[in-house]
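S.K.:
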Amino acid sequence: MAKKQSAALDRKKFLADPVMVTTIVVLIAFLALFILYPLAILLVDSFITEEGVGLSIFRRVMGMPNFRKAITNTLKVGFFVGIASTLIGLLFAYVEEYVKLRTRFLSGIFKVVSMLPVVSPPFVLSLSMIMLFGKAGILTRYILHIYDNNVYGFWGIAVVQTMTFFPVCYMMLKGLLKNIDPSLEEAARDMGASRWKVFMTVTLPLILPGLGNAFLVTFIESIADFANPMIIGGSYDTLATTIYLQITGAYDKEGASAMAVVLLCITLVMFVVQKFYLEAKSTATLSGKASRQRMLVKERSVTLPLSILCSVMAVFVIMMYICVPFGALFKTWGYDFHLTTKWFTQVFTKYKGFKAFKDSFILSLIASPITALISMVISYLVVKRKFKGKGFIEAVSMLAMAVPGTVLGIGYIRGFSAGVFRTGFLQGLYGTGAILVIVFVVRSLPTGTRSGISALRQIDKSIEESAYDMGADSLTVFMTVTLPLIRDSFLSGLVTAFVRSITAISAIILLVTPQYLLITVQINEFAEKGSYGIACAFATILIAITYGAVLIMNLIISRFGAGRMIKEEN
Amino acid sequence: MGKEKKGIRLEHISKIYQDPKTKKDFYAVKDVSLDIEPGSFVTLLGPSGCGKTTVLRMIAGFESPDEGEIYLAGEPINALTPNKRDTAMVFQSYALLPHYNIFDNVAYGLRLRKLDKDTIRTKVTDILKLVGLEGMEARMTNQLSGGQQQRVALARALVLEPGVLLFDEPLSNLDAKLRVTMRTEIRRIQQEAGITAVYVTHDQSEAMAIADKIIIMQGGVVSQAGTPREIYYTPNDEFVADFIGEANFLKGKLLNLDGNEGEIDINGTAIRISGISKRETGSECTLVLRPESADLSDEGGLPCEVILSCFMGSYQYYHVKIGDQTVKITVFNPKNKKIYDVGERACVIFDSENVHVL
Chain A
1 MAKKQSAALD
11 RKKFLADPVM
21 VTTIVVLIAF
31 LALFILYPLA
41 ILLVDSFITE
51 EGVGLSIFRR
61 VMGMPNFRKA
71 ITNTLKVGFF
81 VGIASTLIGL
91 LFAYVEEYVK
101 LRTRFLSGIF
111 KVVSMLPVVS
121 PPFVLSLSMI
131 MLFGKAGILT
141 RYILHIYDNN
151 VYGFWGIAVV
161 QTMTFFPVCY
171 MMLKGLLKNI
181 DPSLEEAARD
191 MGASRWKVFM
201 TVTLPLILPG
211 LGNAFLVTFI
221 ESIADFANPM
231 IIGGSYDTLA
241 TTIYLQITGA
251 YDKEGASAMA
261 VVLLCITLVM
271 FVVQKFYLEA
281 KSTATLSGKA
291 SRQRMLVKER
301 SVTLPLSILC
311 SVMAVFVIMM
321 YICVPFGALF
331 KTWGYDFHLT
341 TKWFTQVFTK
351 YKGFKAFKDS
361 FILSLIASPI
371 TALISMVISY
381 LVVKRKFKGK
391 GFIEAVSMLA
401 MAVPGTVLGI
411 GYIRGFSAGV
421 FRTGFLQGLY
431 GTGAILVIVF
441 VVRSLPTGTR
451 SGISALRQID
461 KSIEESAYDM
471 GADSLTVFMT
481 VTLPLIRDSF
491 LSGLVTAFVR
501 SITAISAIIL
511 LVTPQYLLIT
521 VQINEFAEKG
531 SYGIACAFAT
541 ILIAITYGAV
551 LIMNLIISRF
561 GAGRMIKEEN
Chain B
1 MGKEKKGIRL
11 EHISKIYQDP
21 KTKKDFYAVK
31 DVSLDIEPGS
41 FVTLLGPSGC
51 GKTTVLRMIA
61 GFESPDEGEI
71 YLAGEPINAL
81 TPNKRDTAMV
91 FQSYALLPHY
101 NIFDNVAYGL
111 RLRKLDKDTI
121 RTKVTDILKL
131 VGLEGMEARM
141 TNQLSGGQQQ
151 RVALARALVL
161 EPGVLLFDEP
171 LSNLDAKLRV
181 TMRTEIRRIQ
191 QEAGITAVYV
201 THDQSEAMAI
211 ADKIIIMQGG
221 VVSQAGTPRE
231 IYYTPNDEFV
241 ADFIGEANFL
251 KGKLLNLDGN
261 EGEIDINGTA
271 IRISGISKRE
281 TGSECTLVLR
291 PESADLSDEG
301 GLPCEVILSC
311 FMGSYQYYHV
321 KIGDQTVKIT
331 VFNPKNKKIY
341 DVGERACVIF
351 DSENVHVL
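Residue numbers (this note's numbering), protein chains in the order written: chain A, 1 to 570; chain B, 1 to 358.
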């Protein structure tokens, strides 16, 4: 039995569609050049020396005590943050889904809490942590009268990262808990189990793979995080910061490459476990839809402590975020609490704030439609089409999810500063705005692709087939059918890409040239210098911009989005 | 209407798929040859997984055959993409474009063909009238009932005046009553438009009601092709007989054969039957007896015992035992007929022209 004929015919049909062929070729080239190649060059850099192929560079970096320390530091933080975020996320999700709340207040602040990390730049919490608990921290110095509290180090990073990442776990676990059929738990109750017993023997086992999944996702986020350890880590270096310092401080490119390979390997292993083992498992156990509404826990002995606990934590997190705009309004944080606008004024007069916002804004604005479009095209190809090279596109765009920004940054430095494979080809790209835009695109691509894929999976394949059947070519099908049907996903991809780009720092900080001033890089610089007023002023404006973008998106979606069509149906 | 009726010819078409679990290749469709005449209405009928939809999708161009060639109006079309084939398909899920209203859905294909606005308007209006949706152009698809969506899907395919209209189980999402109305509608419209139609279904009564010719498939191969009458009265094998309508299979032994007439022994009783194909005397043979072709009587025919007797209104339904073989019998208009009770002895009688020997 040979499938030769159909393969040949499919190829013929495929080649009869030049737009499609071109798109795929360009896409593969893009992914290969800007995701695969920079990673490959890191391997080349770290294995090949003048003496030939070998492990000598690895041996050298592993010999550095600060690098070995960075590995254990990173793993320690990663484990702590992964576990803590998962547990807090589970608590919030459980309270939201299982506990009858007496006020709408709590679900309101839950929403705010899950929203905040999305719109704020990654290191905002580090700033407020220092301002609240540091040596000049309001809470430590003025309320608790501790004058030498050290927030820098393991606990600083761990707390800040936990507060930044637990909302992600909360959202993931909420979705899982929602899908548990309440009759399973009712059956256990009916057979005589207590609530605690039901939770331990039914609910928990059902979401166990999901918990593992949440843990690994935050673990990866934590060890890839650059900005927080940079600001609040103090002398407690993690892999991301060590790599950064190795290339910017010691200017040891080969060493940095080898370190980046080590970091990449850790995230990749975690990612593979998460993607192929846990993700499949957690959806497989809970594929069913809840048959009806869940009877919520009403006993005050349960609801009261849980809601108080969650409220306190949520209010604390919100307070941390609010701290930042306030930080920009006081003369000298911790010493002089007279209100002032001097920081905001200085941002624009002294520190070229206008240029920083313009550069960040324009580059992100260019990157976001490109990201949204590419991720929709990738999703379309992955979900709806069959062709050779599809596996490559799918794998590489997923791979981008697991690559820490710092690793990508080093890869770009090594890969493009002297041109592709040091031939001078595309060397002109290095140091331009274009490469920053490309980094923005690559960094946001996985999120967009993921949302596009799940949106497309819900669209009946025959809708596109029918358009095809009526005479449309693939480009027409994509433009007139696919894109309109996933326009919500496209629009939110647009804004997510914008927000991610304008708040990005880890890869960008390695690639930015003095020609471009980026807000996040500025904030990082001032925060490191201890100029918290300026840093807060920058951060406040940045939050305002991103929040504005999200608001506008929600407005557009509710006005023009596909949600409207569904509403009309009801 | 209809530019040109086109015929389809499938020559030794096979399609190989891979079993996702065992990773083994298997034939989803094997060596199917069909000749569908221009203007005729042909249904592909069979249980799920028999390959009928795959055949349809190969005609539409969504799948490529692994062996053989498909001809549309004499031209080989294997290498053509679906958008280049002169076929239009009505999908099981209707597949209406949810972001367009009825008018835009129907006009979609015409716009791709770059017709001018007035022509499009006239054509869409005319076709909506034909399917009974005039005046509803501005409705969104999600404001329509299942039957209306079905009509839009049909209109959208018809308006392109394709050489061949393809239907992929178009009625399976409708309720039973609407299915009957819609199939009559589809048949009427097909006749009016004079268009060649290939129709996939697993519902045998639908196939009987709608088709000029039925092609029964099983396990990727064609079991029998013929008019509904041929298939019903002279099925090729037990599968076909059982799939189309209800059937009893009476096992017997051929006693003698003269030309095509002979005697068959069933449970000790010899009966004369005509239309027996050539075979050796003494060989085992199976008689296909439709429940409505048989009757119960006090004498003559095959002696039996009644084991089930149900009054169904328009008919009396019996199960009787002839030796160790159970036979279903429906006796219509039972009001003035003798009703046999469970346990009674009776005789199964039938006209010898009404049985078919396999």
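Quick reminder that beta carbons are idealized off the backbone N, C-alpha and C, glycines included.
#1: Can the beta-carbon of V396 of chain A be found less than 7 Å from the beta-carbon of L31 of chain A?
#2: Between the stretch 250–270 of chain A and the stretch 173–181 of chain A, do at least 3 Cβ pairs fall closer than 8 Å?
#3: Which one of A:F526, A:T203, A:A187 has the shortest CA to CA distance from F572 of chain A?
#4: Which residue from A:T203, A:R559, A:S307, A:Y236 puts its Cα closest to that of G153 of chain A?
#5: Near C536 of chain A, which residues of its chain fall below 6 Å by C-beta distance, leaving aside the five closest residues on each side in sequence?
#6: Could you tell me whether the Cβ atoms of L206 of chain A and V160 of chain A are closer together than 7 Å?
#7: Along the chain, where does the alpha helix (DSSP H) that runs through P303 of chain B open and close?
#8: Chain B partners of Y468 of chain A, CB-CB under 7 Å?
#9: Quick check on F165 of chain A: buried or exposed, where buried means 16 or more other Cβ atoms within 10 Å of its Cβ?
#10: Do you know offhand how far D118 of chain B's Cα is from G135 of chain B's?
#11: Alpha carbons only, please: which of A:V297, A:I322, A:G137 is nearest the one belonging to P182 of chain A?
#12: How would you label S558 of chain A, buried or exposed, when you count the other beta carbons within 10 angstroms and need 16 or more for buried?
#13: Report the option in A:L33, A:S360, A:V272 whose CA atom is closest to the CA atom of T546 of chain A.
#14: Can you pull out the residues from the stretch 465–492 of chain A whose beta carbon lies closer than 8 Å to at least one beta carbon of chain B?
#15: Based on Cα-Cα distance, which residue from A:A70, A:V302, A:K331, A:F276 lies nearest to F226 of chain A?
#16: Determine which residues of the stretch 130–143 of chain B have a Cβ less than 7 Å from any Cβ of chain A, and write them out in chain order.
#17: Going by DSSP, what residue range makes up the beta strand (DSSP E) through E398 of chain B?
#18: Is DSSP giving E569 of chain A helix, strand or coil here?
#19: Pull up the distance between the alpha-carbon of V342 of chain B and that of D460 of chain A, whole angstroms please.
#20: What do you get for S297 of chain B, buried or exposed, if any count of 16 or more other CB atoms within 10 angstroms of its CB means buried?
#21: Please go through the same chain and pick out, in chain order, the residues whose beta-carbon is closer than 6 Å to the beta-carbon of F332 of chain B, but skip the five residues on each side of it.
#22: With DSSP run on the structure shown, which of helix, strand or coil describes I362 of chain A?
#23: Does any residue of chain A have a CB that is nearer than 7 Å to the CB of F91 of chain B?
#24: Taking the straight line between their C-alpha atoms, what separation do you get for L255 of chain B and G262 of chain B?
#25: Using the beta-carbon count (16 or more within 10 Å), is L44 of chain B buried or exposed?
#26: Could you give the DSSP three-state label for M376 of chain A: helix, strand or coil?
#27: Label I566 of chain A either buried or exposed according to how many other C-beta atoms from any shown protein chain fall within 10 Å of its C-beta, with 16 as the threshold for buried.
#28: C304 of chain B and V288 of chain B - do their beta-carbons sit closer together than 7 Å?
#29: Assuming S474 of chain A and D17 of chain A form a contact by the criterion Cβ under 8 Å, report the distance between their Cβ atoms to the nearest whole angstrom.
#30: Cβ of Y456 of chain A less than 7 Å from any chain B Cβ?
#31: For the beta strand (DSSP E) containing L68 of chain B, name the first residue and the last one.
#32: Using the beta-carbon of each residue, which ones in chain A are nearer than 7 Å to D126 of chain B?
#33: Compute the beta-carbon to beta-carbon distance between V439 of chain A and L365 of chain A, rounded to the nearest angstrom, for a pair I have assumed lies under 8 Å.
#34: Please check the pair N267 of chain B and I322 of chain B, which I expect to be a contact at CB under 8 Å, by giving their CB distance rounded to whole angstroms.
#35: Within the stretch 209–256 of chain A, note down every full alpha helix (DSSP H) run reaching 4 residues or more, in order along the chain.
#36: Taking DSSP as the reference, what is the three-state secondary structure of T103 of chain A?
M.R.: So, from the listed chains and residues:
#1: yes
#2: no
#3: Because chain A is modelled from 1 through 570, residue 572 of chain A falls outside the range shown and cannot be assessed.
#4: A:Y236
#5: V324, G327, A328
#6: no
#7: First-last for P303 of chain B: 302–311, but that is the beta strand (DSSP E), not the alpha helix (DSSP H).
#8: P82, N83
#9: buried
#10: 17 Å
#11: A:V297
#12: exposed
#13: A:S360
#14: E465, S466, A467, Y468, D469, M470, G471, A472, D473, T476, T480, V481, P484, L485
#15: A:A70
#16: M140, N142
#17: Any answer about residue 398 of chain B is impossible in this case: the structure gives chain B only from 1 up to 358.
#18: Caution applies to E569 of chain A, whose pLDDT of 37 falls short of 50 and renders its modelled position unreliable; the model cannot decide the point.
#19: 52 Å
#20: exposed
#21: Y315
#22: helix
#23: yes
#24: 7 Å
#25: buried
#26: helix
#27: Note on I566 of chain A: pLDDT 39, under 50, position unreliable in the model; the coordinate value appears next. Exposed, because fewer than 16 other Cβ atoms sit within 10 Å of the Cβ of I566 of chain A.
#28: no
#29: 5 Å
#30: The question names Tyr, but residue 456 of chain A in the sequence shown is Leu. Not an interface residue.
#31: One detail in the question is off: residue 68 of chain B reads as Gly in this sequence, not Leu. First-last of the beta strand (DSSP E) with G68 of chain B: 67–72.
#32: Ordered by position in chain A, no residue passes the 7 Å Cβ test against D126 of chain B, which lies about 18 Å from the chain.
#33: At roughly 15 Å, the Cβ-Cβ gap does not stay under 8 Å, so V439 of chain A and L365 of chain A are not in contact.
#34: 5 Å
#35: 227–232, 239–248
#36: coil
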